[in-house]
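**Q** Just passing along the structure, written as structure tokens.
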Amino acid sequence: MADYDFGTIEQKWQDHWTKAQVYQVNEDANKPKYYILDMFPYPSGAGLHVGHPLGYIATDIIARYKRLKGFNVLHPMGFDSFGLPAEQYAIQTGQHPAKTTAANIQRYKEQLRSLGFSYDWSREVQTSDPSFYKWTQWIFKQLFNAYYDTKLDKARSIDDLIAQFKLSGNKEITAVCDEDTPSFTAAQWQGLSPAEQQRTLLKYRLTYIAETSVNWCPALGTVLSNDEVKDGFSERGGHPVEKKKMPQWSMRITAYADRLLSGLDTIDWPEPIKEMQRNWIGKSIGAEMDFQIEGYEDKIRVFTTRIDTIYGVTFLTLAPESELVEKITTEVQKAEVDAYVSWAVNRSERERMSEVKKVTGVFTGAYAINPFNEEKVPIWIADYVLAGYGTGAVMAVPSGDQRDYDFAKHFELPIVPVYENMDMSEQADPTKEGKMINSGILDGLKYSEAIPRAIEFLEEKGIGEKKINFRIRDAIFGRQRYWGEPFPVYYKDGVPHLLSDNQLPNELPEVDKFLPTETGEPPLGRAQDWTTAEGYEFELTTMPGWAGSSWYFFRYMDANNTQEFAGKAALDYWKDVDLYLGGSEHATGHLLYSRFWTKFLFDMGFVSVEEYAQKLINQGMIQGRSSMAYRVNGENKYVSYGLRGNYETTAIHVDVSIVKDDVLDIEAFKRFRPDAADASFELENGVFRCGSEVEKMSKSKFNVVNPDDLIGRYGADTLRMYEMFLGPIEQSKPWNTNGIEGVYKFLRKLWALAHDAKSSFQVTEDSPSKAEFKILYTALKKSESDIDRLSLNTVVSNYMIAVNELQALRCNKRQIIEPLVIGISPFAPHIAEELWHLLGHSTSVVDAAYPPIEEQYLLEDSFEYPVSIN
RNA sequence: GCGGAUGUGGCGAAAUUGGUAGACGCACUAGACUUAGGAUCUAGCGCCGCGAGGCAUGGGGGUUCGAGUCCCUCCAUCCGCACCA
């Protein structure tokens, strides 16, 4: 058997690729472009585990394949290097996050290098590098200097808005703005002080400061965005999160809600991701209308998607936070209402969510008039009404809505059916079938007729109109942290101003500690003498993790440009990402924000595409597969997996590195757990078998499989192929090293094809037989179509079959081996490069062309079906 | 509760549009070569059956000459959202 010395081969070619800069790419008008992108990693201290490279391997294979197919391939890598873990480590140890981050990046790069990836490292980006965040700050400036024109349905320069204010105030303005924006005339605008004008403009800018209710995490000392909160706890660290009002930088993503929704129909993304984004955006079409409060000037405005059921309204419900509550509550009800409101408002998010089913509420004593039938309906307060959605008030129709129904039953309020055949004996009936009854002007109409008729009525009377509501909220953009991008913002007369372009980047200052100040300001408050030249104070919060990742894919196109975030020529050539690969956990975070920023940059004419990634694939998560040994309770004895039923046992985690094919190395186990050194082991069939559990890969579960170890044992080529062989990239699965030998064997066979018994390279120039050609072209052709549909696991199988068959024929003919090596090179680039050079080529196999397939060898024997089809 | 996805041997999985189910690999069994082998090679390996043969793609039903694939229904698992009016 010839020796396949992967260690030497891989080292040699990795060095060569780096030195010769084989993977550097430039714009080339003569070739079609292909931009393939991985979600760049956060460089954590733990390094890569075996799950991380899964996506990188897949994209690398496709990148190499596309190169062979004649594409000019952009395949970059970088680091999302601002983030919380480095900061927390800094708090604990005093080490500057920049230092630990640099060390982690170094380690990541070594690991990536050892896998043989074909990245163009000359385009590397790091979000924490001033030369990168200079442009993040620059984009922030563009957002600050823009507003959203709802008529043109695009962002425009804030200067246009100011010009209109001067001319005619804001009466005619069609723009997205804060809800509390007062109307003013041109004269009133001119009469405002500069600071007041600035405060008014903030209500329109696409990034703005406003007093908002935020997710405050006391343990982390910062606010979190909605997508960083899960079930009332922080996504990172799992600390409790509470609601708190504070002035915050926000991004007016709501202005783009509709376009973010409709844009989904133009891109080839996984349906689950699109669906999650749709839900997150939460568009609902309905109507808003006023109910007059009896005895008051005030009206209650409600939002409803079922205006057809207006005659079924038997009460109104306000959110406990509503400002009207105090005003309209009668003397009799006051004590009860106050008690309920303070209870409801002080309840934590967590409690509120866990008690969803519980019906609570209180009557205010006041009544409102249903404008359709002039009937009096009682006004209640209930915490199932959310202050933040719609108008914070609901017209309750117990016959058609289950929550209203439960509420009505609980408090014995009337229930009025509005469709014939409605059955409300057990629960509300939300169906819209049949004709309307008890419904005044809508009687006898069908659902589809009732809606327009009702809206018509609202508009005639001037008490309401059609309305579209979105669930998505503006994104909080400021974080009370150190390790993030500083804002290009300083304060003068209490209003924010921007630094000029030539003052960028506004670099992160040094601080003595990475903690908030004694007065509760963010860590940047500790920076000494950190002001503008004129002595104005800078913004002390920093940008969130998603700032840099919202546009990094454009930076790769022209990563070293010092004049622009990317030059026009590069942007026009590379346009957008052809294939983006990453985890689905970013569905409503990064993957939404980055679409938002792209649309904004498009509106302002900075980029030529409205969606930055045409196709997205989610790679599945690799879970850990823990090995368990079963200890008999109360005894120092372990039993093999199959015998554990005979005892009461406790499962003990075993380091997966001392288990092979579920068989435990008992001696190693005794070293691993010193308390088991003199334990007894009950075996089955002479071996001790372990059980397994699927869990998250983590150190504490001893189930982390490190790619470095596997590369050391089998080589990078084997690991690459094995990770692909494991199954479809989209599928989540537990890591299992159990089949890796098969792939390793395959590569050794491939090596042996071109070597004689004495390990000397040997191929012959003989003409291949038809059978040999058929084996070759079958594999190449199948691989082509499988790679095109991203079925990389079956490609590996194809080549295994080919090599097995060629081995059986003892085929070592150049005309077969050479194309085969090209075909395999995307998967196993090192061994392919070695063989390629042994075959006498002086250039890299990267520069080869995918072999043309000679179809005449592929003619199949036809198969007759028992019955023919007409 | 709503939405989405997935169910195929002991295991990871194939089967692109309805056309010979289980390719390929792991594990397992037997054999060969070996001082030895955790190397290599050969053969076997869905289930029942000595066999011919029968039964099999989560369960049940349907369309079809033909269904893992299409339709209906039920079940299980995973993921996302969760009082959104």
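So for the first sequence, this note's numbering puts the first residue at 83; every next one is plus one. For glycine and all other residues, C-beta sits at the position ideal for the given N, C-alpha and C.
(1) Leaving aside the five residues before and after residue 449 along the sequence, list all residues of the same chain whose C-beta is less than 7 Å from its C-beta, in chain order.
(2) Find the nearest neighbour of residue 736 within the set 744, 758, 710, judged by alpha-carbon distance.
(3) Counting only runs of 4+ residues fully inside the stretch 616 to 647, write out the alpha helix (DSSP H) ranges in chain order.
(4) Distance check for residue 766 and residue 722, CA to CA, integer angstroms please.
(5) Contact defined as beta carbons within less than 8 Å: I believe residue 965 pairs with residue 399. What is the distance between those atoms, to the nearest angstrom?
(6) According to the neighbour-count rule (16 or more other Cβ atoms, all chains shown, within 10 Å of its Cβ), is residue 306 buried or exposed?
(7) So what does residue 457 bridge to, in DSSP terms?
(8) Assign residue 492 to one of two classes, buried (16 or more other C-beta atoms within 10 Å of its C-beta) or exposed (fewer than that).
(9) Which residue's Cα is closest to the Cα of residue 228: 238, 220, 234?
(10) In or out: residue 642 buried (at least 16 other Cβ within 10 Å) or exposed?
(11) Would you tell me roughly how many angstroms separate the C-alpha atoms of residue 783 and residue 177, rounded to the nearest one?
(12) Express the C-alpha separation of residue 257 and residue 266 in angstroms, rounding to a whole number.
(13) Keeping to the same chain, check which residues put their C-beta closer than 8 Å to that of residue 778; ignore five residues upstream and five downstream.
(14) To test your reading of the DSSP string, which unbroken beta strand (DSSP E) runs of 3 or more residues are found completely within the stretch 661 to 691?
(15) In three-state terms, what does DSSP make of residue 569?
(16) How is residue 93 classed by DSSP in three states: helix, strand or coil?
(17) So what does DSSP say about residue 291, is it helix, strand or coil?
(18) I need the boundaries of the beta strand (DSSP E) containing residue 156, first residue and last residue.
(19) What does residue 732 pair with, by DSSP beta-bridge criteria?
(20) Between the Cα of residue 379 and the Cα atoms of 676, 409, 394, which residue gives the shortest distance?
(21) Would you identify the three-state DSSP class for residue 862, choosing helix, strand or coil?
(22) Mapping the DSSP letters down to three states, classify residue 551 as helix, strand or coil.
(23) Name the residue from 539, 121, 245 whose alpha carbon lies nearest to the alpha carbon of residue 701.
(24) Pop quiz: residue 331 and residue 627 are said to be a contact at Cβ under 8 Å. What is the actual Cβ separation, rounded to whole angstroms?
(25) Measure the alpha-carbon distance for residue 952 versus residue 938 and round it to whole angstroms.
(26) Report buried or exposed for residue 423, applying the criterion of at least 16 other Cβ atoms within 10 angstroms of its Cβ.
(27) Is the stretch 571 to 579 touching the stretch 637 to 651, taking contact as three or more C-beta pairs under 8 Å?
(28) In its own chain, which residues sit with a C-beta less than 7 Å from the C-beta of residue 917, not counting the 5 before and 5 after it?
(29) With distances taken Cα to Cα, identify the nearest neighbour of residue 180 among 814, 417, 869, 208.
(30) Is residue 98 buried or exposed, if buried means 16 or more other CB atoms sit within 10 Å of its CB?
(31) Helix or strand or just coil, what does DSSP make of residue 509?
(32) If we ignore side chains and look at the alpha-carbon of each, how far apart do residue 506 and residue 316 end up?
(33) Label residue 654 either buried or exposed according to how many other C-beta atoms from any shown protein chain fall within 10 Å of its C-beta, with 16 as the threshold for buried.
(34) Can you give me the Cβ contacts of residue 579 inside the same chain, cut-off strictly under 6 Å, excluding the 5 residues immediately before and after it?
(35) Taking 7 Å as the limit between beta carbons, can you name the residues of its chain near residue 814, skipping five residues before and five after?
(36) Should residue 472 go down as buried or exposed, given a rule of 16 or more other Cβ atoms within 10 Å for buried?
**A** In short, the structure shows the following:
(1) Short of 7 Å from the beta carbon of residue 449, and not among the five residues preceding or following it, lie these beta carbons of its own chain, in chain order: 376, 458, 459, 460, 461.
(2) When each option's Cα is compared against that of residue 736, the closest is 710.
(3) Secondary structure in the stretch 616 to 647: the alpha helix (DSSP H) runs of 4 residues or longer, each lying completely within the stretch, are 628 to 631, 634 to 637 in chain order.
(4) Spanning the two alpha carbons is a distance of roughly 6 Å.
(5) In the structure as shown, the chain starts at 83 and stops at 952, and residue 965 therefore has no counterpart that could be examined.
(6) Classification for residue 306: buried.
(7) According to DSSP, which records beta bridges pairwise, residue 457 is partnered with 452.
(8) So residue 492 ends up on the exposed side.
(9) That would be 238, whose Cα lies nearest to the Cα of residue 228.
(10) Its Cβ having fewer than 16 others within 10 Å, residue 642 is exposed.
(11) Here the C-alpha atom of residue 783 lies approximately 28 Å from the C-alpha atom of residue 177.
(12) Residue 266 and residue 257: Cα-Cα distance of roughly 14 Å.
(13) Excluding positions up to five away in sequence, the list reads 705, 706.
(14) Entirely contained in the stretch 661 to 691, the beta strand (DSSP E) runs reaching 3 residues are, in chain order, 661 to 664.
(15) Correct three-state label for residue 569: coil.
(16) It is helical.
(17) Residue state, collapsed to three classes: strand.
(18) Its beta strand (DSSP E) spans residues 154 to 156.
(19) Under DSSP, the beta-bridge partners assigned to residue 732 are 713.
(20) Measuring from the Cα of residue 379, the nearest candidate turns out to be 409.
(21) Helix, per DSSP.
(22) For residue 551, the secondary structure class from DSSP, reduced to helix, strand or coil, is strand.
(23) Among 539, 121, 245, the Cα nearest to that of residue 701 is on 121.
(24) Not quite, the Cβ-Cβ distance comes to about 14 Å (not below 8 Å), so this is no contact.
(25) At residue 952 the pLDDT is 36, less than 50, meaning the model places this residue with poor confidence; the figure from the coordinates comes in the next sentence. In this structure, the alpha-carbon of residue 952 lies about 29 Å from that of residue 938.
(26) By the 10 Å Cβ count, residue 423 comes out buried.
(27) Short answer: they don't touch.
(28) Closer than 7 Å at Cβ, skipping near neighbours: 836, 903.
(29) Nearest to residue 180 by alpha-carbon distance, out of 814, 417, 869, 208, is 208.
(30) Under this definition residue 98 is an exposed residue.
(31) In this structure, residue 509 counts as coil in the three-state DSSP scheme.
(32) Whole-angstrom Cα-Cα distance: 41 Å.
(33) Counting Cβ neighbours within 10 Å, residue 654 comes out exposed, since fewer than 16 surround it.
(34) 572.
(35) Closer than 7 Å at Cβ, skipping near neighbours: 702, 703, 705.
(36) With 16 or more other Cβ atoms within 10 Å, it is buried.
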